[in-house]
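Note that my numbering has the sequence shown beginning at 2, numbered continuously upward. Just so it is clear, CB atoms sit at the ideal spot from N, CA and C, and this is done for glycine as well. Owing to the predicted nature of the structure, the values given are computational and were not obtained by experimental measurement.
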Amino acid sequence: MRVRGVIDGEAVRSREARTQERAEEYACSTSQIEADKLKNWIETDACIDACGLDRSALGISSDSLLESRFVSKLCSQQCYHGCPNVVDLYFNLAAGEGAYLPKLCVAHGAKARREMAEIKSSGYVAPAPELPEYAKGVNFIYAPAPSIAPF
Numbered sequence: 002m003r004v005r006g007v008i009d010g011e012a013v014r015s016r017e018a019r020t021q022e023r024a025e026e027y028a029c030s031t032s033q034i035e036a037d038k039l040k041n042w043i044e045t046d047a048c049i050d051a052c053g054l055d056r057s058a059l060g061i062s063s064d065s066l067l068e069s070r071f072v073s074k075l076c077s078q079q080c081y082h083g084c085p086n087v088v089d090l091y092f093n094l095a096a097g098e099g100a101y102l103p104k105l106c107v108a109h110g111a112k113a114r115r116e117m118a119e120i121k122s123s124g125y126v127a128p129a130p131e132l133p134e135y136a137k138g139v140n141f142i143y144a145p146a147p148s149i150a151p152f
């Protein structure tokens, strides 16, 4: 799920819709992810800066949890302990992706890439189809694709 904005303390998803004139419009809908602890709170500029956010951005996305610079700012002492509403919102956003924000912050050092990869592959993958009867017992081998001869 991609969360694209915050309106009245609630995260919102948006999608682009094309009109007959081909102009882009944004249609928003409220998601289930919101800050639990503080409602109708506007963060200070100090928190926005400490957490690596941008007031002029259209919204937020769980993709930001894959960016090392953003996670560094979000997990910094100034943000994590000084901006509870931002941390609460991203805690819920990470949980929606199957990740635990405190674990992500602890792992941000040497294991950060692995933890971020776990977020990226959240486990919601369809199972592989069953092999048909005629293919069972057949050993498939890997062969590299042939290269095209130069002219």
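Out of curiosity, what's the CA-to-CA distance linking residue i and residue j?
i    : j    : result
N93  : L59  : 19 Å
V107 : A96  : 16 Å
V88  : L75  : 7 Å
L105 : S69  : 11 Å
P79  : L102 : Per the sequence shown, the amino acid found at residue 79 is Gln instead of Pro. Each residue's alpha carbon lies about 16 Å from the other.
Y91  : I61  : 9 Å
F71  : N41  : 24 Å
H109 : I43  : 28 Å
Using 8 Å for Cβ pairs, my map puts residue i next to residue j. What's the rounded Cβ distance?
i   : j    : result
L66 : A100 : 7 Å
S77 : A51  : 6 Å
E98 : S63  : 5 Å
Secondary structure at residue i, three-state DSSP: helix, strand or coil?
i    : result
N41  : coil
R1   : No statement about residue 1 is possible, as the shown extent of the chain runs from 2 to 152 and does not include it.
C80  : helix
S62  : coil
G97  : helix
A108 : coil
Exercise. Is the segment 82-90 close to the segment 45-60, with three or more CB pairs under 8 Å?
Worked result: Yes: the two stretches touch, three or more of their Cβ pairs being nearer than 8 Å.
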